[in-house]
Amino acid sequence: MTAPRPLDRRSLALAAISTIVEWYDFTLFLYLATVLARVFFQGTDAVLTALAGFAVAYLMRPIGAVVFGHFGDRHGRRATLLASMALMTVAMLLTAMLPTASQVGPVAGLLLLVLRCVMGFAVGGEYTGVVAYLLEGAEPHRRGLATSMAAATSEVGGLLAAGMAALTVSLLPPSALDDWGWRIPFLFGAMLAGLIFAARAAMGESPEFEAHRAAGTLVRRPLRHAAARHRAGIMRGFAISALGSITYYIGITYVPVYLSSIGRLDEAQALRLATVAAVAVILVTPLVGLLSDRMGRRKVLVGLAVLAVVLPYPSFRLFASAVPAAPFGGALLLAVLAGGVSAVGAVATAEQLPAEGRLSGLALGATTATALFGGVAPWLAQMAVARIGASTAPAAMIALVALAALPLLLALPETLPRRASD
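For the sequence shown, the numbering used here begins at 3 and goes up steadily by one.
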């Protein structure tokens with residue numbers, strides 16, 4: 003089978019920017035967790051209930067990844083990405099229209115949870131589909147940079163979420179915010195998803211997938227094929243994604259909730275800090291992706307794992323400091339770390355698996371790790387902070403996952419393609 007020609011830059015750009023919606027919605031829920039807790043849940047543990055709902059919904063990601071992964075490995079990446087975006091658009095629009103607990107009681111929280119599960123299911127097929135599409139469509143020696151753009155643009159979604167949440171919370175009085183203002187960011191997300199869905203219609207199919215289809219080398223049962231023949235690649239992808247998820251969801255998206263819950267910053271201040279952190283991630287991500295194209299995936303990942311052991315504790319100590327600028331310093335350290343892992347992790351996880359079972363293999367490995375170490379981690383961290391007063395427990399969670407992943411990363415085979423002149 004001859005090497006397929008790379009995709010045009012327009013298709014690659016459309017794929018990369020589409021991850022904005024996925025991260026906008028999921029980070030928006032965390033940034034507005036304290037607001038949504040008041041609006042949809044009742045009792046002293048309302049924030050914990052909201053975070054538990056986030057965790058349960060996140061566990062739908064592997065299920066969605068398996069379903070969309072099978073479809074994408076059989077029928078193409080483009081159709082999968084269109085279907086997942088359509089479902090995300092509907093879920094966000096319906097979320098913005100939900101009744102509140104003051105209107106319908108506990109049913110409101112249940113309806114929110116159902117829509118979070120739908121969103122989690124849709125997102126399961128989104129990010130891995132985009133990463134596979136960018137990997138398969140990019141120049142071989144620019145795959146790290148190209149796939150890192152999925153992580154960078156997803157952080158644009160995080161930045162939009164932080165900005166919209168901060169703007170809404172800052173401009174509206176508490177009564178208006180709880181009454182109707184919380185709906186505005188979700189309506190904006192639904193509009194954004196609809197626009198990106200329309201733009202995706204112009205994308206071409208992955209050239210590597212097309213080459214396999216033309217050669218008749220696609221498999222009928224991609225999930226079984228990946229599980230039977232590529233277990234080592236699935237486990238490596240799990241380890242890489244576990245490190246990326248814990249650094250991102252504890253080191254970035256949970257931080258505003260943490261700072262608000264310990265009384266260090268109010269909601270508006272914490273969200274402004276999250277905006278600064280998102281900008282840092284956007285800047286560092288393509289640089290680390292390019293670095294992985296120069297140095298190789300393994301070296302960069304091992305270096306980042308070591309930093310993930312060392313940096314979290316002093317960062318969380320900075321959050322407790324009386325120095326006004328200290329929380330921003332701690333947040334920037336964690337943001338740069340998380341952005342770096344996301345950048346190289348995107349390409350490294352996808353490169354562990356061949357094209358004919360790539361999406362299904364990522365569903366079993368990378369997406370499952372994201373659900374466990376991303377969706378559940380903020381709830382566990384808040385439990386440790388709120389119930390037993392362990393203010394540095396989130397830092398310990400990051401360091402422990404990094405230590406556990408490090409042996410697998412040290413044994414990681416280098417997947418950076420060799421240049422013809424090497």
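Glycine included, C-beta positions come from ideal geometry on N, C-alpha and C. Small disclaimer: the values here were computed from a predicted structure and weren't measured.
Thinking C-beta only, is residue j closer than 7 Å to residue i?
{"i": "A18", "j": "M151", "result": "yes"}
{"i": "V343", "j": "L245", "result": "yes"}
{"i": "T249", "j": "A164", "result": "no"}
{"i": "T370", "j": "P64", "result": "yes"}
{"i": "A352", "j": "L137", "result": "yes"}
{"i": "M94", "j": "G191", "result": "yes"}
{"i": "A386", "j": "A392", "result": "yes"}
{"i": "T426", "j": "A348", "result": "The chain is shown only over 3 to 424; residue 426 falls outside these bounds and no answer can be derived."}
{"i": "A52", "j": "F43", "result": "yes"}
{"i": "A307", "j": "L414", "result": "no"}
{"i": "S262", "j": "T36", "result": "yes"}
{"i": "A154", "j": "I284", "result": "yes"}
{"i": "R118", "j": "A59", "result": "yes"}
{"i": "G206", "j": "S20", "result": "no"}
{"i": "G74", "j": "G126", "result": "no"}
Quick check on residue i: buried or exposed, where buried means 16 or more other Cβ atoms within 10 Å of its Cβ?
{"i": "W381", "result": "buried"}
{"i": "S177", "result": "exposed"}
{"i": "A324", "result": "exposed"}
{"i": "V68", "result": "buried"}
{"i": "V106", "result": "exposed"}
{"i": "E141", "result": "exposed"}
{"i": "L197", "result": "exposed"}
{"i": "S25", "result": "Per the sequence shown, residue 25 should be read as Trp rather than Ser. Label assigned to W25: buried."}
{"i": "W184", "result": "buried"}
{"i": "E128", "result": "buried"}
{"i": "G359", "result": "buried"}
{"i": "M99", "result": "exposed"}
{"i": "E269", "result": "buried"}
{"i": "V302", "result": "buried"}
{"i": "V312", "result": "exposed"}
{"i": "L416", "result": "According to the sequence as given, residue 416 is Glu; it is not Leu. With fewer than 16 other Cβ atoms within 10 Å, it is exposed."}
{"i": "I390", "result": "exposed"}
{"i": "T130", "result": "buried"}
{"i": "G332", "result": "buried"}
{"i": "T219", "result": "exposed"}
{"i": "A110", "result": "buried"}
{"i": "S423", "result": "Bear in mind that the predicted position of S423 carries a pLDDT of just 42, short of 50, making it too unreliable to give a figure here."}
{"i": "L173", "result": "exposed"}
{"i": "P101", "result": "exposed"}
Could you check the C-alpha separation between residue i and residue j for me, to the nearest Å?
{"i": "L418", "j": "V286", "result": "20 Å"}
{"i": "A327", "j": "G253", "result": "17 Å"}
{"i": "A81", "j": "F321", "result": "44 Å"}
{"i": "R76", "j": "S294", "result": "30 Å"}
{"i": "R40", "j": "A48", "result": "7 Å"}
{"i": "A350", "j": "P108", "result": "43 Å"}
{"i": "E210", "j": "V290", "result": "25 Å"}
{"i": "G239", "j": "S104", "result": "44 Å"}
{"i": "D180", "j": "T91", "result": "23 Å"}
{"i": "S243", "j": "F375", "result": "8 Å"}
{"i": "R79", "j": "V132", "result": "8 Å"}
{"i": "Y260", "j": "R223", "result": "44 Å"}
{"i": "T277", "j": "D10", "result": "32 Å"}
{"i": "Y256", "j": "L32", "result": "7 Å"}
{"i": "A398", "j": "L50", "result": "20 Å"}
{"i": "G122", "j": "A195", "result": "15 Å"}
{"i": "L169", "j": "P187", "result": "10 Å"}
{"i": "Y135", "j": "S362", "result": "14 Å"}
{"i": "A280", "j": "R319", "result": "21 Å"}
{"i": "P258", "j": "L275", "result": "8 Å"}
{"i": "A217", "j": "H227", "result": "18 Å"}
{"i": "A357", "j": "G341", "result": "26 Å"}
{"i": "A57", "j": "G377", "result": "4 Å"}
{"i": "L405", "j": "P175", "result": "45 Å"}
{"i": "P288", "j": "A337", "result": "14 Å"}
{"i": "W182", "j": "L355", "result": "46 Å"}
Between which two residues does the alpha helix (DSSP H) harbouring residue i extend?
{"i": "D295", "result": "E269 to M297"}
{"i": "D75", "result": "M62 to H77"}
{"i": "D27", "result": "T21 to Y33"}
{"i": "H227", "result": "P224 to R231"}
{"i": "S263", "result": "V257 to S263"}
{"i": "R319", "result": "P314 to F321"}
{"i": "A140", "result": "It is not in any alpha helix (DSSP H) - A140 carries neither H nor E in the DSSP assignment."}
{"i": "A398", "result": "A395 to L412"}
{"i": "V387", "result": "A379 to I390"}
{"i": "Q105", "result": "A103 to V106"}
{"i": "V344", "result": "As written in the sequence, residue 344 is Ser, which differs from the Val given in the question. From DSSP, the alpha helix (DSSP H) with S344 extends over A328 to E353."}
{"i": "G191", "result": "R185 to R202"}
{"i": "F211", "result": "P209 to A217"}
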